[in-house]
Ligand SMILES: [Zn+2]
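Numbering (my numbering), first residue to last: 1 to 242.
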């Protein structure tokens, strides 16, 4: 299909032409992205780095299973997961706020994590905190990613002034095997519509069925490689505009 020529429209006064952005100059093109949306075989050799912590209320969660699930799915696309944690598992944060139910607690948790790792050390790592959610938190979510996609650096402003690169919370009691990778996708800026209509897609919104989704399309693979925690990092954002 030939690209549409740049168009101009004339405003109501009939004098000043108003230029419209030429969509075909977007790198990479939206057409490429739409093609990637249906392509589940995209390969990108990149390593995604995370650091895992837990709160004292989280116990008996199958972290090894979650990490293996993410490793398996990413591995099908040439990607690797680099995990940092303490010598005997995730380091415990000095947080005593109990089950998470509001952003003040989320901020306290992230501040506690900040005391245990250097967030600007290379490679940059996305913090993943396994904690416990109150049942009502975030519309009964099993995972929660703090990100502001409207900001160039995607840092979300927390209630007491905290502002961090995107990070993820997982509910140790209810997270599914693919929730860790799902939230990491959010931390890269991916949103549920990037799954298209594929219910087995990792970014498909969680429901009572298909909780253990295993597919990633090309938009999501390139999007993950656009995350700040990816080496090499492709130019972000790479997703279908919402
Ligand atoms: Zn989600």
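We put the CB at the ideal spot given by N, CA and C, even for glycine.
query                                                                                                                                             : result
Does the contact criterion of 3 or more C-beta pairs under 8 Å hold for the region 61-72 versus the region 140-150?                               : no
Tell me, which residues are paired with residue 201 by DSSP?                                                                                      : 215
Tell me which residue opens and which closes the beta strand (DSSP E) that residue 47 is part of.                                                 : 47-54
Can you list, in chain order, the stretches of the alpha helix (DSSP H) that have 4 or more residues and sit fully within the region 148-199?     : 179-187
For residue 155 and residue 109, I'd like the C-alpha separation in whole angstroms.                                                              : 16 Å
Does residue 71 come out as helix, strand or coil in the three-state DSSP assignment?                                                             : helix
Quick one: is residue 8 buried, meaning 16 or more other Cβ sit within 10 Å of its Cβ, or exposed?                                                : Low per-residue confidence applies at residue 8: pLDDT is 45, beneath 50, and the placement is therefore not dependable, though the value from the model is reported in the following sentence. Residue 8 should be labelled exposed.
Please tell me whether, using a cut-off of 7 Å, the distance from the CB of residue 236 to the nearest non-hydrogen atom of ligand 1 is below it. : no
Skipping 5 residues on each side, what residues in its chain have a beta carbon closer than 7 Å to that of residue 71?                            : 81
Beta strand (DSSP E) containing residue 83: first to last residue?                                                                                : 80-84
Out of 218, 96, 232, 229, state which residue places its alpha-carbon closest to the alpha-carbon of residue 30.                                  : 218
In three-state DSSP terms, what is residue 106?                                                                                                   : helix
Pick helix, strand or coil for residue 98, following the three-state DSSP scheme.                                                                 : coil
Could you name the residues that DSSP lists as bridge partners for residue 130?                                                                   : 54, 170
Out of 197, 128, 165, point me to the one whose CA is closest to residue 182's CA.                                                                : 128
Roughly how many angstroms lie between the CA atoms of residue 205 and residue 198, to the nearest whole one?                                     : 10 Å
What is the rounded straight-line gap between the Cα of residue 237 and the Cα of residue 189?                                                    : 7 Å
Among 230, 231, 232, 225, whose alpha-carbon lies nearest the alpha-carbon of residue 42?                                                         : 225
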